[in-house]
Amino acid sequence: GGYEIPARLQTLHNLVIQYAAQGRYEVAVPLCKQALEDLEKTSGHDHPDVATMLNILALVYRDQNKYKEAAHLLNDALAIREKTLGKDHCAVAATLNNLAVLYGKRGKYKEAEPLCKRALEIREKVLGKYHPDVAKQLNNLALLCQNQGKYEEVQDYYRRAVEIYESCVGPDYPSVAKTKNNLASCYLKQGKYKEAEALYKEILTRAHEREFGSVNGENKPIWMHAEEREESKDQRKEKDSAPYREYGSWYKACKVDSPTVNTTLKSLGALYRRQGKLEAAEALEACAQKTR
Amino acid sequence: DQQNVNRQQQLEWDDSTLTY
């Protein structure tokens, strides 16, 4: 980058954030405007410090849900950064991303998408294809496409994000399970039930392995127990009083990353139900209840 | 539930715009 935020601006930023957090926008906004005026007088309009100050003020407007005003400031900041830092700079990508977020908040997904795409291109160029910030950008892009019903593209972006998370942070990173969940929900939207089911099973198997080690004949994840229960239901009916299988150890495992695992349990349960596998569905739903 | 999951997904703001 070669450019760092000056201490004076950092102090002012912290002060503005404090006022904004207290809802004292009537103090925060004039403070920002005064600082902007001072900066422009001493450094001129086209200076990175002015762009940073515009970003601070945009944040205050965003917090007040004044998205149009915020977007106007970010467009100004974007032009300054492109001029002073160059077109392919991470600060330019970040500004483009935040502009896309503001458009997204106003439901303008179509306008937001190209901004998000440009941010992605810059990050890939500067950071390489396998970087967590690239995955973050892919997540935002996927969400914008999802809101436009472009599921083929959503699928591509989430797949790439999963690949990045798995390659640079390992399979246990919570973002892997979260992104796989999002990808599975995109598969469901397209009626790709088999693909979604496979992903849900992957998530639950990983959660199991993390807690109890490799899966084998004795050591099985919850969905295998649920399917066995489904398969043996006729035998149990003959015996009349079959004991309900204990999933005690699984309740513990689910606590590891409960929001994602809980969602996955419910989603796979719903898929089982759709296939008429009611016993398997009940087993997962019971487990989800306990981990809530 | 799936809808709930989708609703929870939010576009992520990049805070690094203030640190450059």
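Quick mapping for you: the protein sequence lines, in order, are chains D and H.
Quick note: the first sequence uses the working numbering, first residue 1, plus one each step.
Quick note: the second sequence uses the working numbering, first residue 1, plus one each step.
Each residue gets a CB set at the ideal place from its N, CA and C atoms; glycine is no exception.
All values reported here derive from a predicted model rather than from experimental measurement.
C-beta neighbour in chain H for residue i, strict 8 Å
i	result
N140(D)	yes
K136(D)	yes
V176(D)	no
N65(D)	no
L143(D)	yes
G170(D)	no
K55(D)	A small correction: the amino acid at residue 55(D) is Asn; Lys does not occupy that position in the sequence shown. Yes, contact with chain H.
N219(D)	no
N182(D)	yes
S241(D)	Here the model assigns S241(D) a pLDDT of 39, short of 50, so the residue's position is not dependable, and the following value carries that caveat. Chain H, which has no Cβ nearer than 8 Å to the Cβ of S241(D), makes this no.
Whole-number beta carbon distance between residue j and residue i, since they are thought to touch under 8 Å
i	j	result
N97(D)	Q137(D)	7 Å
C32(D)	L9(D)	Actually they do not touch by this definition, with Cβ atoms about 11 Å apart.
R183(D)	V162(D)	Position check: residue 183(D) holds Leu in this sequence, whereas Arg was assumed. Indeed, because the Cβ distance is near 6 Å, the residues count as touching under 8 Å.
A20(D)	A51(D)	19 Å between Cβ atoms; not a contact.
R336(D)	A280(D)	Residue 336(D) falls outside the range modelled here, since chain D spans only 1 to 292, and no answer is possible.
L99(D)	L115(D)	5 Å
H47(D)	T84(D)	7 Å
T264(D)	N139(D)	Not quite, the Cβ-Cβ distance comes to about 18 Å (not below 8 Å), so this is no contact.
Y193(D)	L271(D)	6 Å
T17(H)	N55(D)	4 Å
W305(D)	K189(D)	This structure cannot settle anything about residue 305(D), because the visible part of chain D is limited to 1 through 292.
Spatial neighbours of residue i in its chain, beta-carbon cut-off 8 Å, leaving aside the 5 residues before and after
i	result
P6(D)	D49
R159(D)	L183
D172(D)	R206 and R210
N6(H)	The predicted position of N6(H) is uncertain, since its pLDDT is 47 and thus under 50; no value can be drawn from it.
K233(D)	E279
Residues near residue i by beta carbon distance below 7 Å, same chain, minus five either side
i	result
G44(D)	none
S185(D)	none
K125(D)	D88
Y244(D)	Its pLDDT being 44, under 50, Y244(D) is placed unreliably in this model, and the value from its coordinates should be taken loosely. Cβ within range, chain order: n/a, list empty.
V176(D)	V162, Y165 and E166
Y109(D)	L144, N147 and Q148
Own chain, CB closer than 6 Å to residue i, minus 5 neighbours either side, in chain order
i	result
A119(D)	A93, L96, N97 and Q137
E82(D)	V92
Y67(D)	L102, K105 and R106
Y61(D)	E69 and A70
L36(D)	M53
K178(D)	T260
G269(D)	A281, L284 and E285
L39(D)	D49, V50 and M53
Minimum Cβ-Cβ distance from residue i to chain D less than 8 Å
i	result
D1(H)	Only weak support exists for where D1(H) lies, its pLDDT of 46 falling under 50; the coordinates are left without a value.
Y20(H)	The pLDDT assigned to Y20(H) is 49, lower than 50, so where the model puts this residue is not dependable; a value taken from the coordinates is nonetheless given after this. So, interface residue.
Any non-hydrogen atom of the ligand NAD within 7 Å of residue i CB
i	result
S43(D)	Because no ligand of any kind appears in the structure shown, any question about the ligand NAD cannot be addressed here.
CB contact below 8 Å: residue i versus chain A
i	result
A70(D)	You won't find chain A in this structure, because its protein chains are D and H.
Closer than 9 Å, Cβ to any Cβ of chain H: which residues of the region 75 to 95 of chain D, in chain order?
In summary, the residues of the region 75 to 95 of chain D whose CB is separated from some CB of chain H by less than 9 Å are A77, R81, L85, H89, C90, A91, A93, A94 and T95, in the order they occur in the chain.
Compile a chain-ordered list of the residues in the region 97 to 109 of chain D whose CB is closer than 8 Å to at least one CB of chain H.
N97, N98, A100, V101, G104 and K105
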